[in-house]
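Down below is the structure, laid out as structure tokens.
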Amino acid sequence: MGSYILRRVLYAIPIALGVTIICFSLIYIGPTDPIQAVVPDDATAEDIERIRIAYGFDKPIPVQYLMWLGRAVTGEFGNSLQSNRPVIEDLLPAIGNTFRIAIVAMFLSATVAFVLGSIAAFNHGRWLDRIVTAFAVAGVSIPHFWLAIVMVIVFSVELGALPAMGMGPDGSSSWQLDWTHVKHMILPVIALSVIPMATIMRTTRGAVLEILGQEFVQTLRAKGLAGRRILLHIVKNAAPTVLAVTGLQIGQLLGGSILIETVFSWPGTGRLLNEAIFKRDLPTLQATILLLAMFFVTLNLVVDVVQTWVDPRIKRG
Amino acid sequence: MSDTPRTRVQGTQGRSVLLDVRGLRKHFPIRGGILNRVIGTVQAVDNVSFAVREGETLGIVGESGCGKSTTARLLMHLIEPDDGTITFDGRVVDKRDRAALRDMRRVLQMVFQDSYSSLNPRLPIEETIAFAPWVHGIPKREARDRAHRLLGAVGLEPATFARRYPHELSGGQRQRVNIARALALEPRVVVLDEPVSALDKSVEAQVLNLLVDLKDAFRLTYVFISHDLNVVQYVSDRVLVMYLGKVVEVGPVDQIYANPRHPYTRALLASRPSMNPRQRTTEAPLTGDPPNPINPPSGCRFRTRCAFAEGVCSTAEPRLAASDAVGGGLDAHMVACHMLAPDSGHSKTVLASNTA
Amino acid sequence: MANGTAGTSRFVDVTGTQVPVGGARAQGYWASVWKRLRRDPVSLACAAILLLIFLAAIFAPLIAPHDPYRTSVRFRLAPFGSPDRVLGGDELGRDMLSRLIYGGRISLLMGLLPVVMATLIGGSLGIIAGFIGGKTNMLIMRVMDVFYAFPSVLLAIAISGALGAGLRNGLIALTLVHIPPIARVSESVTTQVRSFDFVEAARASGAKAVTLIRVHVLGNVLGPILIYASTKISLSIIIAAGLSFLGLGVSPPEADWGLMLATLRQSIYVNPYVAALPGAMIFITSMCFNMLSDGLRSAMDVRL
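Now the structure itself:
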């Protein structure tokens with residue numbers, strides 16, 4: 115198993131490099147000259163010349179890539195075209211804000227999905243199962259940014275119960291743990307949870323159903339020995355599968371948060387990306403995508419390793 | 006010696022050698038470790054030589070994993086050997102010689118063991134049979150007509166079966182389709198890889214008889230691979246016994262079955278259930294599984310399971326040599342065992358000549 | 173001859189072997205899939221709804237009661253059931269019903285075309301990788317893995333964000349998003365099919381690789397690949413709408429569900445229900461595609 119883990123880690127390296135290549139190429143595939151893409155519109159000729167030399171735009175592409183990679187590793191992504199500050203200064207707080215809702219959404223969806231998915235499996239074919247299944251289908255089909263808007267309509271516009279915008283009162287961008295701030299989190303978290311919840315629910319239901327179909331579980335149930343022992347067995351055996359799907363959903367959730375943050379004006383990476391797109395601020399776009407993608411690569415790695423460790427059935431050598 | 010008439014063998018004596026295999030070797034690398042490096046090799050087929058005469062049936066017998074199926078795939082050039090030559094009708098078949106390979110593929114065909122996975126589930130069986138002729142330039146319609154004739158030849162009424170899909174057929178019927186497919190290019194040699202192993206006993210007999218009939222009708226030469234000693238005895242003119250990728254004994258069927266010389270062959274034959282319940286076997290039965298082919302035993306590969314193993318068996322590899330009973334030539338009874346080589350240094354070399 | 177049915181005596185004359193159509197109970201794979209699908213009411217209902225949406229989009233100029241681009245101050249954010257504005261008016265007073273009908277054109281195009289393109293490209297790559305194996309497989313699949321390392325929405329936004337807004341760029345970005353997963357599935361089913369003896373048998377007859385793939389591999393991998401691709405349509409529609417919502421799709425005043433949702437977002441305080449309509453269309457369409465592909469999956473779930 116140790117050798118598998120090591121191999122998995124080594125395998126992640128070329129993938130991570132590939133990801134950096136794609137991110138690097140983002141400023142080259144656009145319609146504008148790459149140098150125009152990274153300097154502000156009002157840049158002087160000297161500015162442009164300085165950047166040309168600093169970024170190595172006069173050198174061959176592979177050299178430019180290596181120079182870019184070297185800067186990226188040290189967190190140097192150039193200046194944002196919107197704020198003219200270093201991109202990393204805008205990016206770090208945004209990442210923190212995104213993770214704040216993403217992590218809560220993850221726990222919420224994983225817990226609810228595991229419970230509901232298991233309930234559905236235990237009631238296989240009955241109305242409870244049908245409701246959960248229908249909910250799962252709806253959950254993966256719904257445009258979650260639209261759901262976010264509908265929730266704003268219901269809870270903010272009609273009921274006036276929850277705030278529709280921002281991270282705190284009066285558009286404050288600092289965060290603290292109190293009710294007024296938590297209230298701002300509720301709608302974004304729910305909107306973010308829907309897709310992962312539906313996906314994990316489906317997976318849990320399938321995994322639990324499979325375990326319930328095992329002969330010895332059926333024997334135990336037939337003898338009326340349902341209860342703790344079976345439950346423990348099910349949790350132990352369904353956990354690795356559910357864990358794997360949950361891990362992958364975190365990444366998808368981060369992608370999805372771009373739209374949700376736009377709807378709620380949540381000052382995270384999503385809103386940062388949205389503004390970057392709107393203003394064609396490619397340095398910000400590139401850095402944000404790179405960091406999120408790298409996080410996803412690492413996450414995949416961790417999920418694989420943890421799954422190997424948790425799941426006794428996987429013997430990879 | 007056995008007094009059964011050896012008509013089949015005599016019938017093929019003097020005919021020319023159609024397929025000549027020399028020093029065939031195929032090792033499969035085992036990858037593993039952190040960088041997926043080669044950490045070992047499975048010596049699936051190691052220095053195997055034999056010849057097949059036109060019109061005869063050569064039976065290849067051995068336990069699973071002894072390299073029978075690899076040999077079949079090597080003969081078919083479905084995999085390329087690491088070493089060794091295959092000469093067909095006097096012509097060496099080389100994978101670089103595309104034309105020769107294509108010619109060879111026409112005259113050398115194969116029937117696979119698993120009748121289910123060897124038929125395309127999405128094609129009606131007539132299309133499966135007609136595929137090979139069509140590939141070789143015969144118009145679709147003609148190829149289909151040929152498929153219908155062959156279906157008739159293997160005992161499947163074309164009107165009923167031609168448009169059926171594999172899942173609508175029984176195991177025996179599917180194997181008949183497989184046979185028809187192999188015959189579609191009018192081959193001279195058919196390699197049969199465990200053709201009846203997956204079938205019920207009653208169906209097995211029918212298919213075996215069909216194979217014997219077809220051989221006469223189409224003037225075929227068979228290489229018949231099986232782990233079933235009775236089946237091999239029934240169809241073969243000569244028999245080749247393999248163990249862990251090596252040939253341990255080869256000879257005319259009657260001699261092999263009446264007078265096995267290699268301890269492995271003897272053990273194999275002794276482990277057959279006897280038709281006579283009162284007859285007990287006295288030979289040491291074959292126990293355990295064959296050793297791991299990744300690291301086969303040194304010297305004689307059978308020594309770990311052999312009752313007569315001695316020091317020399319682990320140091321020197323026995324050569325396949327004519328036993329003293331019959332002289333050289335294709336009908337020679339050849340054995341690879343130190344006990345039969347007078348100068349090997351094995352203490353029981355005398356015993357061998359006594360039992361002969 | 174122990175076996176009475178075999179032997180040369182049964183060589184049947186060519187002319188006598190015409191297959192009677194009713195005599196054989198052979199039934200093609202796709203025919204049986206269709207038969208099963210026909211008995212599934214949910215799938216049929218979804219197919220009917222989708223057909224309706226498609227027909228409406230195709231024949232939009234004939235069906236739409238109004239010009240979807242004509243603005244009107246009078247009907248600005250008009251509620252449901254207003255005279256001349258059955259489903260209300262948008263923020264510029266344009267007829268919502270007409271815009272929803274027209275909007276299906278771009279929304280469906282952006283949902284479907286990338287999946288079709290990705291199935292062609294990703295499917296071919298996967299089949300080639302799976303059939304050839306070895307280093308070719310390594311090369312193709314590792315490149316796919318790199319693209320797969322991005323969450324799908326993120327990749328779509330990254331590419332179309334860099335390329336700039338517009339229909340064509342959106343289509344390219346969405347296609348790139350779908351290629352890796354489809355290639356992966358194609359590769360794995362092809363590798364599986366290639367290991368079957370019937371491919372070996374066909375190879376033993378001397379057929380070229382292209383012929384082998386066409387006759388023996390394609391028929392067996394197409395089903396699973398298409399099922400998988402069909403599950404991607406719903407996702408594609410949602411991501412496409414998301415791109416438009418972010419302003420990365422078509423530009424105003426074009427009618428597109430995602431874009432309409434974005435431009436109406438400011439109006440939720442005035443007329444929330446009209447503002448929510450385009451999203452409802454996306455939801456219905458994506459839900460129908462999802463359930464239809466579920467139905468298709470179970471209808472095609474017959475052992476190889």
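Chains as they are written, first to last, in the numbering used here: chain A, 115 to 431; chain B, 6 to 361; chain C, 173 to 476. Ideal Cβ placement from N, Cα and C applies to all residues, glycine included.
So is residue i buried or exposed if we call it buried at 16+ other beta carbons inside 10 Å?
i	result
Met-247(B)	buried
Tyr-441(C)	exposed
Ser-408(C)	buried
Val-214(C)	exposed
Gly-338(A)	exposed
Trp-423(A)	exposed
Leu-345(B)	buried
Thr-360(A)	buried
Lys-404(C)	buried
Arg-386(C)	exposed
Pro-310(A)	buried
Thr-308(C)	exposed
Arg-342(A)	exposed
Val-434(A)	In the structure displayed, chain A extends from 115 to 431; residue 434(A) sits before or after that span and is not available.
Give the single residue among the options whose Cα lies nearest to the Cα of residue i.
i	options	result
Thr-46(B)	Arg-58(B), Pro-301(B), Gly-177(B) and Arg-306(B)	Pro-301(B)
Pro-126(B)	Trp-202(C), Thr-403(C) and Ile-344(C)	Trp-202(C)
Val-389(C)	Asp-267(C), Leu-292(C) and Ala-374(C)	Ala-374(C)
Leu-326(A)	Ile-309(A), Asn-351(A), Pro-310(A) and Ser-307(A)	Asn-351(A)
Ser-458(C)	Ile-143(A), Trp-182(A) and Trp-260(A)	Trp-260(A)
Arg-271(C)	Ser-465(C), Thr-403(C), Asp-428(C) and Asn-443(C)	Asp-428(C)
Gln-400(A)	Pro-128(A), Leu-195(A) and Tyr-125(A)	Leu-195(A)
Thr-75(B)	His-343(B), Val-159(B) and Arg-30(B)	Arg-30(B)
Asp-88(B)	Gly-28(B), Gly-142(B), Asn-297(B) and Ser-122(B)	Gly-28(B)
Tyr-121(B)	Gln-178(B), Val-258(B) and Pro-278(B)	Gln-178(B)
Asn-193(A)	Ala-336(A), Ile-256(A), Phe-409(A) and Asp-395(A)	Asp-395(A)
Gly-250(B)	Ile-65(B), Ala-56(B), Arg-58(B) and Val-57(B)	Ile-65(B)
Thr-212(A)	Gly-231(A), Met-281(A), Leu-273(A) and Ile-256(A)	Met-281(A)
Ala-407(A)	Asp-418(A), Gly-369(A), Met-279(A) and Ala-390(A)	Gly-369(A)
Say whether chain B places a C-beta atom closer than 8 angstroms to the C-beta of residue i.
i	result
Ala-217(C)	no
Phe-368(C)	yes
Thr-243(C)	no
Leu-398(C)	no
Tell me the DSSP secondary structure of residue i in three-state form.
i	result
Ala-49(B)	strand
Gly-336(C)	coil
Ser-231(B)	strand
Lys-297(A)	helix
Val-98(B)	coil
Ile-409(C)	helix
Gln-114(B)	strand
Tyr-241(C)	coil
Ala-198(C)	Any reading at Ala-198(C) must be qualified, since the residue scores a pLDDT of 44, below 50, and its modelled position is unreliable; the value itself is stated next. DSSP places Ala-198(C) in coil when its eight states are reduced to three.
Met-344(B)	helix
Phe-166(B)	helix
Phe-252(C)	coil
Give me the Cβ distance between residue i and residue j, rounded to the nearest whole Å; I'm assuming they're in contact under 8 angstroms.
i	j	result
Glu-61(B)	Asp-242(B)	4 angstroms
Leu-124(B)	Asn-183(B)	7 angstroms
Asp-198(B)	Met-109(B)	At roughly 17 angstroms, the Cβ-Cβ gap does not stay under 8 angstroms, so Asp-198(B) and Met-109(B) are not in contact.
Val-255(B)	Leu-245(B)	4 angstroms
Closer than 8 angstroms, CB to CB, is residue i near chain C or not?
i	result
Leu-23(B)	no
Ala-208(A)	no
Ile-267(A)	yes
Pro-277(A)	no
Val-123(A)	no
His-232(B)	no
Gln-238(B)	no
Ile-149(A)	no
What in chain D is Cβ-close to residue i, meaning under 9 angstroms?
i	result
Leu-128(B)	Of the chains in the structure shown, none is chain D; the protein chains are A, B and C.
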